[in-house]
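Per numbering that gives the first Met the number 0, the sequence shown starts with residue 0, numbered consecutively. C-beta: ideal position from N, C-alpha, C; glycine also. Since the structure comes first, as structure tokens, the remarks are kept for the end.
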Amino acid sequence: MRVMKLVTTLMLGAALTSCMPEQGTSDAPATQIADSVADRALALLNQMTLEEKIGQVIQADISAVTPEDLRTYNLGSVLNGGNSAPGGGKVAEPEEWIELADAFWDASTDTSDGGVGIPAIWGTDAVHGHNNVQTATIFPHNSALGATHNPDLMRQIGDVTALEIRATGLDWTFAPTLAVARDDRWGRAYESYSENPELVAEYAAAIIEGLQGLPGDPDFLIGENVMATAKHFVADGGTQYGIDKGDTVGDLQDILDIHAAGYGPAIELGIQSVMASFSSVNGEKMHGSEHLLQDVLRDQYGFEGFVVGDWNGHAEVPGCTATDCVASLDAGVDMYMAPDSWRGVYDSLLAAAEAGELDLERLDEAVLRILEAKIRSGLLDAGRPSDRATSDVSILGNDAHRAVARQAVRESLVLLRNDDSLLPLAPGLNVMVAGSGADSMQQQTGGWTLNWQGTGNSNEEFLTGETIFSGVSTAMADIGGDAFLSEDGSYDSRPDVAIVVFGEQPYAEYLGDRTDLVFEFDDGENLQLIRELKADGVPVVSVFLTGRPLWVNPHLNASDAFVVGWLPGSEGGGVADVLVADENGEARHDFNGRLSFSWPSDGMGNPINSPEDEGVLYPFGYGLTYADSAEFTELSEESGVDQNARAFGGSIVDRGRTAPAFLAYLGDSSNANLPIMANALDSIGGGISIRGVDYRAQEDARELTWSGNGAASFGLRAHRPIDLTSFGDLNDLAITVDWQLGLDDGDNVEIGMACGEGCGATVDVSEQLRELPQGEWTTSSIAVSCFVEEGLTPENVTRAFSLTGDTAMEITVHSVSIEATENTTISCQ
Numbered sequence: 000m001r002v003m004k005l006v007t008t009l010m011l012g013a014a015l016t017s018c019m020p021e022q023g024t025s026d027a028p029a030t031q032i033a034d035s036v037a038d039r040a041l042a043l044l045n046q047m048t049l050e051e052k053i054g055q056v057i058q059a060d061i062s063a064v065t066p067e068d069l070r071t072y073n074l075g076s077v078l079n080g081g082n083s084a085p086g087g088g089k090v091a092e093p094e095e096w097i098e099l100a101d102a103f104w105d106a107s108t109d110t111s112d113g114g115v116g117i118p119a120i121w122g123t124d125a126v127h128g129h130n131n132v133q134t135a136t137i138f139p140h141n142s143a144l145g146a147t148h149n150p151d152l153m154r155q156i157g158d159v160t161a162l163e164i165r166a167t168g169l170d171w172t173f174a175p176t177l178a179v180a181r182d183d184r185w186g187r188a189y190e191s192y193s194e195n196p197e198l199v200a201e202y203a204a205a206i207i208e209g210l211q212g213l214p215g216d217p218d219f220l221i222g223e224n225v226m227a228t229a230k231h232f233v234a235d236g237g238t239q240y241g242i243d244k245g246d247t248v249g250d251l252q253d254i255l256d257i258h259a260a261g262y263g264p265a266i267e268l269g270i271q272s273v274m275a276s277f278s279s280v281n282g283e284k285m286h287g288s289e290h291l292l293q294d295v296l297r298d299q300y301g302f303e304g305f306v307v308g309d310w311n312g313h314a315e316v317p318g319c320t321a322t323d324c325v326a327s328l329d330a331g332v333d334m335y336m337a338p339d340s341w342r343g344v345y346d347s348l349l350a351a352a353e354a355g356e357l358d359l360e361r362l363d364e365a366v367l368r369i370l371e372a373k374i375r376s377g378l379l380d381a382g383r384p385s386d387r388a389t390s391d392v393s394i395l396g397n398d399a400h401r402a403v404a405r406q407a408v409r410e411s412l413v414l415l416r417n418d419d420s421l422l423p424l425a426p427g428l429n430v431m432v433a434g435s436g437a438d439s440m441q442q443q444t445g446g447w448t449l450n451w452q453g454t455g456n457s458n459e460e461f462l463t464g465e466t467i468f469s470g471v472s473t474a475m476a477d478i479g480g481d482a483f484l485s486e487d488g489s490y491d492s493r494p495d496v497a498i499v500v501f502g503e504q505p506y507a508e509y510l511g512d513r514t515d516l517v518f519e520f521d522d523g524e525n526l527q528l529i530r531e532l533k534a535d536g537v538p539v540v541s542v543f544l545t546g547r548p549l550w551v552n553p554h555l556n557a558s559d560a561f562v563v564g565w566l567p568g569s570e571g572g573g574v575a576d577v578l579v580a581d582e583n584g585e586a587r588h589d590f591n592g593r594l595s596f597s598w599p600s601d602g603m604g605n606p607i608n609s610p611e612d613e614g615v616l617y618p619f620g621y622g623l624t625y626a627d628s629a630e631f632t633e634l635s636e637e638s639g640v641d642q643n644a645r646a647f648g649g650s651i652v653d654r655g656r657t658a659p660a661f662l663a664y665l666g667d668s669s670n671a672n673l674p675i676m677a678n679a680l681d682s683i684g685g686g687i688s689i690r691g692v693d694y695r696a697q698e699d700a701r702e703l704t705w706s707g708n709g710a711a712s713f714g715l716r717a718h719r720p721i722d723l724t725s726f727g728d729l730n731d732l733a734i735t736v737d738w739q740l741g742l743d744d745g746d747n748v749e750i751g752m753a754c755g756e757g758c759g760a761t762v763d764v765s766e767q768l769r770e771l772p773q774g775e776w777t778t779s780s781i782a783v784s785c786f787v788e789e790g791l792t793p794e795n796v797t798r799a800f801s802l803t804g805d806t807a808m809e810i811t812v813h814s815v816s817i818e819a820t821e822n823t824t825i826s827c828q
């Protein structure tokens with residue numbers, strides 16, 4: 000791979016304007032400007048106390064920090080996480096963002112205590128527009144934007160996003176994501192522009208130019224531009240099995256050739272911050288990898304900005320906790336993202352410094368990098384957010400910005416089938432728009448919208464944009480036709496054509512991880528709807544809303560036309576722009592979208608990233624236009640995934656083997672979801688190990704060994720959510736386990752069940768298990784109602800069984816099942 004080396008004077012060059020007269024004008028030589036930035040940063044550093052320096056390398060979430068905390072601890076940064084908004088609710092009025100930004104500015108710049116008063120910088124996950132704000136323009140997610148193959152459009156999107164971030168008084172975005180997603184089972188695949196590293200590299204340059212401006216220009220990083228972040232360094236899109244926070248394994252240079260492709264262009268364009276990945280490379284956590292953060296990112300690629308951690312990512316470094324991790328600073332993380340752990344990080348760093356265990360030169364280095372970025376971005380001289388010319392909430396979601404988003408929707412749509420030129424829809428037709436996504440802002444915007452997972456959002460909460468149905472209705476009315484909404488597909492009078500809008504429900508990382516790529520099996524409600532309409536003689540246009548390619552062969556077969564709509568964001572009208580003809584029956588806009596990810600021919604989920612890979616149905620770059628007359632060939636409806644085998648029949652573990660409905664995982668602080676693909680495996684952080692052992696037959700049991708190095712778990716995750724209510728009265732059901740215990744006094748064990756992120760329950764069974772005979776095989780049962788009473792949603796069980804401990808111990812498991820029983824041996828605690 001060509002090593003991109005940053006010319007330091009170029010990157011440090013253009014941040015200075017008349018608001019920094021002491022550093023010279025923008026016409027000054029680049030070396031002079033660079034020296035001026037460095038000199039100013041060093042002068043500030045020399046005035047700072049140890050406490051101020053430590054505060055500068057810490058970032059706290061607005062839900063867990065107050066302006067007074069910034070005044071007291073001199074924190075260098077705040078962020079709003081996916082679930083944080085001013086005032087503590089899910090959303091807030093745009094003016095409230097500016098008010099809180101003012102409060103943080105006033106607190107951080109207060110010098111009444113004799114401190115330096117360095118402004119805190121506010122970062123936000125504006126990953127597809129300023130997506131936490133109700134009136135903002137929400138763009139399609141990155142997987143959709145990749146399908147446009149239009150880098151110029153990316154620059155415009157960057158421009159608009161920067162303007163809308165500045166409009167609410169903020170300075171910094173945690174975007175763009177430069178992941179090269181190579182396994183579509185990964186729950187963050189929609190954050191990737193493409194499986195193709197060259198396309199990602201091209202987009203990196205374009206979007207960063209739009210967000211930051213160009214080095215050498217007077218407005219670089221200032222005014223209407225914002226500071227951007229290249230994330231997540233490195234190889235987050237290459238983890239084994241597509242597991243979030245997982246491990247990317249292979250030859251390091253091969254890994255970098257693919258997964259670091261976007262970082263060279265980003266660094267050449269003066270990217271000011273790089274976010275470290277949650278994931279690992281060859282077993283080493285990124286937040287603890289000096290080789291990758293220092294030797295590669297800085298020495299090899301020439302990065303001169305600062306490295307910011309991800310959400311408590313330092314806690315996943317072996318030997319670290321959320322509140323204590325000097326190792327991350329030593330490795331090259333310059334700013335801890337410590338959203339709710341910031342106070343503990345501050346205290347532990349201060350204690351380490353006082354004990355002589357903190358490298359003070361390394362601390363100074365990190366602080367200087369942060370100060371230099373703040374100087375280049377004009378933050379130190381910008382003044383209170385409400386006084387800035389760019390703080391203007393009236394521009395949020397204006398017509399010009401929405402037009403850019405609507406163009407992105409149009410250009411991202413990919414046509415896979417169009418029998419008998421059904422599309423574009425002709426004038427005068429009576430069109431039914433059906434399906435769960437027909438009139439759903441939540442489904443078309445997806446995750447990272449108004450909240451982290453993008454769930455629980457009503458149409459009324461979106462104050463900008465329109466649904467796909469609204470766009471189709473308007474377009475059809477303009478050409479003498481009409482459209483009506485029927486989400487369930489029912490009608491009194493048969494329509495001329497049906498548009499069925501369906502697909503993935505919103506998700507973000509972890510919850511979006513899949514074990515296969517089957518969208519739905521033969522009994523799926525969307526497939527049944529399409530088939531029922533066809534059986535009644537109604538032509539069907541399918542619009543598939545998805546963050547990634549999924550196996551939909553039956554849906555393709557059953558449709559007359561099939562459009563990949565991706566996750567189009569707030570401007571659903573862009574779909575109608577392409578699907579509905581003009582008054583003369585001619586296409587208003589052609590299909591320009593081309594796949595930026597290979598589309599699978601089966602549902603097994605094996606990575607496909609080349610036309611030569613087995614399992615490719617439609618290769619990278621595929622997409623029809625209205626001029627194409629490609630004849631559709633019936634597709635195989637064998638997914639390669641046995642639906643019946645994966646149906647839950649009560650068994651979870653059978654003779655040491657995971658039942659087909661589940662996948663077994665090991666978890667510790669370094670990775671909570673490491674799939675068990677072998678009879679002998681250690682968790683990434685070394686907290687727990689598993690190996691096959693003999694009980695009644697060869698390797699018919701699994702021995703679990705906890706190291707005592709922090710909390711670690713063994714869990715069984717369902718391929719599809721399980722409805723326990725279908726098994727009868729919940730009061731009669733129990734988890735029954737055949738196991739051999741090896742516990743000592745003081746050992747701790749919890750049994751758990753889960754129903755999604757933040758949903759589930761655990762029962763502490765430590766005392767009861769310690770009272771059982773140790774080293775002998777025994778059978779234990781605990782009522783399912785114990786978990787329901789503690790918050791488990793029994794209709795949506797995603798993890799049917801887990802064992803968690805934090806002390807050194809052994810438990811060997813032969814079988815686990817959920818079954819009706821009259822007697823339980825373990826009581827609820």
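Assignment of His813 by DSSP, reduced to helix, strand and coil, places it in the strand class. In the DSSP annotation of this structure, the continuous segment of the alpha helix (DSSP H) that includes Asp253 starts and ends at Leu251 to His258. If you look at Tyr664, you'll find it in the beta strand (DSSP E) that goes Phe661 to Asp667. Cβ contact annotation for Ala259 (same chain, cutoff 7 Å, sequence separation greater than five): Val233, in chain order. Check the Cα spacing between Gln55 and each of Val366, Asp246, Gly564 and Ala265: the tightest is with Val366. Cβ contact annotation for Leu415 (same chain, cutoff 6 Å, sequence separation greater than five): Phe561, in chain order. About 5 Å separates the CB atoms of Ser765 and Asn747; that is less than 8 Å, so the two are in contact. Secondary structure note for Asp481: its beta strand (DSSP E) is the uninterrupted segment Asp481 to Leu484.
By the 16-neighbour rule on beta-carbons within 10 angstroms, Gln697 is exposed. CA-CA distance, His588 to Gly622, rounds to 15 Å. Between the alpha carbons of Pro118 and Leu69 lies a gap of roughly 10 Å. The three-state reading of DSSP puts Thr147 in helix, counting H, G and I together. Unbroken beta strand (DSSP E) runs of no fewer than 3 residues, entirely contained in the stretch 426-510, are found at 429-433, 481-484 and 496-502, following chain order. Rounded to the nearest whole angstrom, the CA to CA distance from Arg645 to Ala399 is 49 Å.
Glu770 has its alpha-carbon roughly 44 Å from the corresponding atom of Arg187.
Per DSSP, reduced to three states, the secondary structure at Asp681 is strand. Taking the CA atoms as reference points, Ala679 sits about 13 Å from Thr811.
When DSSP states are grouped into helix, strand and coil, Ile529 belongs to the helix group.
Contact between the stretch 107-117 and the stretch 157-169 is absent, with fewer than three C-beta pairs closer than 8 Å. A straight line joining the alpha-carbon of Thr820 with that of Ala807 spans about 32 Å.
Contact between Asn670 and Gly685 fails: their C-beta atoms lie close to 11 Å from each other, not under 8 Å.
Under the three-state reduction of DSSP output, Trp565 falls in the coil class, being neither helix nor strand. Spatial neighbours of Ala782 in its own chain (CB-CB distance under 6 Å, excluding positions within 5 residues in sequence) are listed in chain order as Ala733 and Thr823. By the criterion of a C-beta distance shorter than 7 Å, Ala658 is surrounded in its chain by Ser650, Ile651 and Val652, once the five residues flanking it on both sides are discounted. Taken through DSSP and simplified to helix, strand or coil, Ile57 comes out as strand.
Every beta strand (DSSP E) of 3 residues or more that sits fully in the stretch 289-347 is shown, in chain order, as 305-307. If you draw a 10 Å sphere on the C-beta of Ser635, you find fewer than 16 other C-beta atoms in it, and that means exposed. Buried is the label assigned to Pro793, since at least 16 other Cβ atoms lie within 10 Å of its Cβ.
Annotation for Ala203: the continuous alpha helix (DSSP H) segment containing it runs Pro196 to Gln211.
The alpha helix (DSSP H) runs of length 4 or more contained entirely in the stretch 381-422 are, from start to end of the chain, 398-411. Residue environment: Asp522 is assigned as exposed (fewer than 16 neighbouring CB atoms within 10 Å of its CB, all protein chains considered). At least 7 Å separates the beta-carbon of Gly80 from that of Pro264. With contact defined as three or more Cβ pairs closer than 8 Å, the stretch 487-494 and the stretch 468-477 are not in contact. DSSP places Gly128 within a strand segment (E or B) once states are collapsed to three. Distance check between Ile721 and each of Glu356, Leu791 and Tyr189 places Leu791 closest, using alpha-carbon atoms only. Sequence-distant partners of Val471 (beyond 5 residues in either direction) whose C-beta falls short of 6 Å from its own C-beta, in its chain, are Val432, Ala482 and Ala575.
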